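In the UniProt record's numbering, the protein residues as written are 1 to 162. Structure first, then comments.
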């Protein structure tokens, strides 16, 4: 990049293209990358001298120095999991413990520690193993129907959709 037409952001050290005495590219960079809006009255920026931007200079090595009062944290990139609902319902937890861990249905009713853990998570376990069995069976039926619908949808899309 030509040093005549560039400015250096002192927050992230990126070299930004500018034209003559216009700093629109730098303003846009600060707004989009660092969430700093220079048009607002109470901007987080300050300059050692009273001017926000330096005067046009003929020196090729001049860079725009902006001092920020606080370090601005970078935004964390989202993972694919962050777009899905992470809801642990009582139905999911009971079904997972019965199927995956082999926990007996009667244990949900007789174990005071297990009941306490569920209550701390905001769930109230039923007192009857038959009620817990019906919760597990209903959840299994709903899950099965969702899987069937998903497979039907993928089947309609074609053979390359898997």
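Using N, Cα and C, we set each Cβ at its ideal position, and we do this for glycine too. Given the structure is predicted, the values throughout are model-derived calculations rather than measurements.
Let's test the definition: count the other Cβ atoms within 10 Å of the Cβ of residue i and tell me whether it reaches 16, buried, or not, exposed.
i: residue 143; result: exposed
i: residue 151; result: exposed
i: residue 154; result: exposed
i: residue 125; result: buried
Cutting at 6 Å between CB atoms, please list the residues of its own chain near residue i, excluding the five before and the five after it.
i: residue 48; result: Note that residue 48 scores a pLDDT of 40, beneath 50, so its modelled location is shaky; the value from the coordinates is reported in the next line. Cβ neighbours of residue 48 beyond the five flanking positions: none.
i: residue 156; result: none
i: residue 24; result: none
i: residue 111; result: none
Quick check: what's the CA-CA separation for residue i versus residue j?
i: residue 102; j: residue 108; result: 12 Å
i: residue 164; j: residue 139; result: Residue 164 is absent from the structure shown; the chain starts at 1 and stops at 162.
i: residue 35; j: residue 10; result: 15 Å
i: residue 141; j: residue 78; result: 32 Å
i: residue 100; j: residue 39; result: 57 Å
i: residue 146; j: residue 158; result: 19 Å
i: residue 149; j: residue 113; result: 38 Å
i: residue 5; j: residue 22; result: 10 Å
i: residue 89; j: residue 117; result: 14 Å
Write down the C-beta distance between residue i and residue j rounded to the nearest angstrom, noting that I regard them as a contact closer than 8 Å.
i: residue 33; j: residue 12; result: 7 Å
Could you pull out every residue in the same chain whose Cβ sits closer than 8 Å to the Cβ of residue i, ignoring the five residues on either side in sequence?
i: residue 105; result: 98, 129, 132, 133, 136
i: residue 127; result: 109
i: residue 29; result: 9, 14, 16
By Cβ distance, which residues of its chain are closer than 7 Å to residue i, with the 5 residues on each side in sequence left out?
i: residue 31; result: 37
i: residue 115; result: 125
Is there contact between the segment 120-138 and the segment 87-104, where contact requires at least three CB pairs shorter than 8 Å? yes
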